[in-house]
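K.L.:
Protein chains in written order, with our numbering: chain U, 434 to 794; chain Y, 4 to 370.
This is the structure, below, for whatever I ask next.
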Ligand SMILES: [Zn+2]
């Protein structure tokens, strides 16, 4: 093993490089420069971490410095940190690099599609109701400030067509603190959305457009599904997590102007499916076909007019809830798998007949 | 090393001629890629905690491979301090995100606080980065002057706003003056003469930009005219394809031109520094060529784009090598570099504050 190097010596506070010899013997470091030998205890000497093959700097207790060209024995001799030796080992091995690349890709995938939604769901499920209501207040506030919704809104329960349906929902899910409101303004087009604390808003335009009350109710059930599964909050937390993650990893780094990922305000497909699932179950509970929801969405998307600027800004219901073929097929096939169960539920929920009577007069 | 004298040979005294010393970059793309990818992965699996170490290792690699007169630069910052700074910023960011849900005016208040702190943060970051940059065992230093920083920052931001950015070159000149006249290498002060305006550079670049866009437009128009004349005779689909390709080429050319204009500004600015900036009796020489630099940046951009970011380390190495090796110092004598001193002790040179590294305002000589 090498324990002696030809090196360069810089006296304290001087930029002059003087040739020297540095030697490590036992727990002592000897620096021989200009015919003189300086001696230092090894424990008080600091060596810069190994990185690529940049020269190593040995900092001596008297603020002088010795520069040695990099050499593999330096770490063992001077006893530098194990962690750094390990990181340098990773950085200089081809296979470690290939593994790093593979794990980077798989980690990003897992983080984005598994870890983030899962932890967001957990946080959302333990968030107390009053925090959600606080959140709702500010959302409603900003919607009102932007004049997207009017401050005085009609409660949907006031309408005879919906009274019984809504009362049933309130009774069934008291813990959700449901509230249904109608928006009369035309600003946001045919639209329906849920906010975290349990309020579902639906526009007059949507009610007009889908025609039948049953369709409106199918859509409302889908929105209740979002509230039931805490999707609104989960979505907010998830998006925050993504921006924090991006900030931490690439955030403040100078040259790496990586094109920022475009985050959509829409729910992920998984969340939509969960809400659809909820609505489908509820429709079966009413002894109705889950495909009603698909039909309702079809009504909504039919001859969709050019959306106005504010609509685009707000994302109309149909653009954040695109009725894909897959989704509609899922809804249409949903019933067949549940047929046996729906027989049973017919007997259970006698008072859930209202919806059925409406659709089959 | 190269300037060690051979013993026994009696040096004949010669009249000292000015010496030109070129900066040199010894980094290597593949080596840097390995470091970069390992550090990125460690950052990701530690959920960002390692990012401070990754940053220090990256900068140490780039500085440590930058040489002047056979000696490399060093970046000595402590990752723990950078981590603390990032945690503070992260906390601020979380508060900012959540605050909107509590009250819609809160984010605005946060932004106002941020604006009020900006000069402080910039000065602090410059001081931090310089205090941890070293060459030949001598550290750089920045003499902070907060009142002056606040005065200049708000005055010139105001002037820029009311002049719709026409005041920008004047503001930038005030910034260079503030910055460079407070930098020290050990005990030796930098001097920024501040006798020359930056307007010729920016007005020149502005007209150059217009000339390029008009020129490209004329060429595109002429081509379109020719093709539409020919389209009467040749197949229509062929002409349409040709127009599509021509349009695409025009977009690429216009985009490439913006890289060129940026490179022109940088080239001229470095020539400006060469005339204005001195360290004692040492002066700077810049040999940047705008077309080379523009092409380099453009190809780097394509490299990053088509490798989904994985080509970034190579792009960084190419950029550093080119910009550094086109830079040299003119010294009165070769011994000059041996004669710098620093009377500062180790503890004095430490820039202690945690939030110092917030904006990563990097002050380095183009590398
Ligand atoms: Zn939905």
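Where is the CB? At the ideal position from N, CA and C, for every residue including glycine.
Quick one: which chain U residues come within Cβ less than 7 angstroms of residue 156/Y?
P.N.:
Under the 7 angstroms cutoff, chain U gives no residues; its nearest Cβ is about 20 angstroms from residue 156/Y.
K.L.:
From residue 87/Y to residue 200/Y, what does the alpha carbon distance come to, in whole angstroms?
P.N.:
Between residue 87/Y and residue 200/Y, the C-alpha separation is close to 40 angstroms.
K.L.:
By the criterion of Cβ-Cβ separation under 7 angstroms, what are the contact partners of residue 37/Y in chain U?
P.N.:
The contacting residues are 524, 525, 530.
K.L.:
Run through the DSSP bridge pairs and tell me what residue 282/Y is partnered with.
P.N.:
Residue 282/Y is bridged to 193/Y, 285/Y.
K.L.:
Look up residue 583/U in the DSSP assignment and say whether it is helix, strand or coil.
P.N.:
Note: residue 583/U maps to coil in three-state DSSP.
K.L.:
Chain Y partners of residue 673/U, CB-CB under 9 angstroms?
P.N.:
Residues of chain Y passing the Cβ test: 97, 100, 101.
K.L.:
DSSP state of residue 184/Y, grouped into three classes?
P.N.:
Coil.
K.L.:
Looking at the strands, I want to know which residues DSSP matches up with residue 453/U.
P.N.:
Looking at the DSSP assignment, residue 453/U forms a beta bridge with 440/U, 466/U.
K.L.:
Residue 189/Y: which of 217/Y, 250/Y, 139/Y, 214/Y sits nearest, CA to CA?
P.N.:
Checking every option, the nearest Cα to that of residue 189/Y belongs to 139/Y.
K.L.:
Run through DSSP, which three-state label would residue 435/U get?
P.N.:
Note: residue 435/U maps to coil in three-state DSSP.
K.L.:
Are the beta-carbon atoms belonging to residue 133/Y and residue 123/Y less than 8 angstroms from one another?
P.N.:
For residue 133/Y and residue 123/Y, no; Cβs fall outside 8 angstroms.
K.L.:
So with CB distances below 7 angstroms, who are the chain Y contacts of residue 534/U?
P.N.:
The answer, in chain order, is 40.
K.L.:
So, at 6 angstroms on beta carbons, what are the nonlocal neighbours of residue 315/Y in its own chain, with the 5 sequence-adjacent residues on each side left out?
P.N.:
Result list for residue 315/Y: 307, in chain order.
K.L.:
Regarding residue 328/Y and ligand 1, is the C-beta to nearest heavy atom distance less than 7 angstroms?
P.N.:
No, the beta carbon of residue 328/Y sits no closer than 7 angstroms to any heavy atom of ligand 1.
K.L.:
What does residue 163/Y pair with, by DSSP beta-bridge criteria?
P.N.:
BP columns for residue 163/Y are empty, so no partner.
K.L.:
Which runs of the alpha helix (DSSP H) at least 4 residues long sit entirely within the region 496-527 of chain U? Give them in chain order.
P.N.:
You should have 506-511, 515-524.
K.L.:
For residue 659/U, which option in 436/U, 529/U, 611/U has the closest C-alpha, if you only look at C-alpha atoms?
P.N.:
With distances taken between Cα atoms, residue 659/U lies closest to 611/U.
K.L.:
With distances taken from CA atoms, which of 619/U, 505/U, 639/U, 570/U is nearest residue 630/U?
P.N.:
Checking every option, the nearest Cα to that of residue 630/U belongs to 570/U.
K.L.:
Distance, Cα to Cα, residue 427/U vs residue 21/Y?
P.N.:
Nothing can be reported for residue 427/U, as the shown portion of chain U is limited to 434 through 794.
K.L.:
When you compare the CB of residue 563/U with every CB in chain Y, is at least one pair closer than 8 angstroms?
P.N.:
Output row for residue 563/U: interface = no.
K.L.:
Based on the DSSP secondary-structure assignment, which residues constitute the bridge partners of residue 627/U?
P.N.:
Bridge partners of residue 627/U: 633/U.
K.L.:
Of all Cβ atoms in chain Y, is any one closer than 8 angstroms to the Cβ of residue 498/U?
P.N.:
Chain Y, which has a Cβ nearer than 8 angstroms to the Cβ of residue 498/U, makes this yes.
K.L.:
Taking the C-alpha atoms as reference points, what is the distance between residue 773/U and residue 765/U?
P.N.:
The pLDDT assigned to residue 773/U is 45, lower than 50, so where the model puts this residue is not dependable, and the model offers no usable value.
K.L.:
Between the beta-carbon of residue 288/Y and the beta-carbon of residue 333/Y, is there less than 8 angstroms?
P.N.:
Contact: yes.
K.L.:
Under 7 angstroms Cβ-Cβ, which residues of chain U neighbour residue 60/Y?
P.N.:
Result: 484.
K.L.:
Among the residues of its own chain, which have a CB less than 7 angstroms from the CB of residue 592/U, if the five just before and after it don't count?
P.N.:
So the list is empty, once near-sequence residues are dropped.
K.L.:
Quick check on this structure: which residue in 32/Y, 157/Y, 73/Y, 83/Y has the alpha carbon closest to the alpha carbon of residue 450/U?
P.N.:
When each option's Cα is compared against that of residue 450/U, the closest is 73/Y.
K.L.:
Determine whether the beta carbon atoms of residue 180/Y and residue 195/Y lie at a separation below 8 angstroms.
P.N.:
A contact, by the Cβ cut-off of 8 angstroms.
K.L.:
Check distances from the C-beta atoms of the region 568-589 of chain U to those of chain Y and list, in chain order, the residues that come in under 8 angstroms.
P.N.:
Listed by position, the residues of the region 568-589 of chain U near chain Y (Cβ gap below 8 angstroms) are 568, 571, 572, 574, 575, 578.
K.L.:
Please state whether the Cβ-Cβ distance between residue 78/Y and residue 135/Y is less than 8 angstroms.
P.N.:
Yes, Cβ-Cβ distance for residue 78/Y and residue 135/Y is below 8 angstroms.
K.L.:
Where does residue 127/Y fall in DSSP's three states?
P.N.:
Helix at residue 127/Y.
K.L.:
Pull out every residue of the region 444-461 of chain U whose Cβ sits closer than 7 angstroms to any Cβ of chain Y, in chain order.
P.N.:
If the cut-off is 7 angstroms between Cβ atoms, the region 444-461 of chain U has 446, 447, 448, 449, 450, 452 near chain Y.
K.L.:
Is it true that the region 321-335 of chain Y meets the region 27-41 of chain Y, where meeting means three or more beta-carbon pairs spaced less than 8 angstroms apart?
P.N.:
These segments touch.
K.L.:
Does residue 561/U pass the burial test, meaning 16 or more other C-beta atoms within 10 Å, or should it be called exposed?
P.N.:
Classification of residue 561/U: exposed, given that the 10 Å Cβ count is below 16.
K.L.:
When every heavy atom of ligand 1 is checked, does at least one fall within less than 7 angstroms of the C-beta of residue 710/U?
P.N.:
Flag unset: Cβ of residue 710/U not near ligand 1.
K.L.:
What residue does the beta strand (DSSP E) around residue 575/U start on, and which one ends it?
P.N.:
Premise fails: residue 575/U lies in the alpha helix (DSSP H), 562-578, not in any beta strand (DSSP E).
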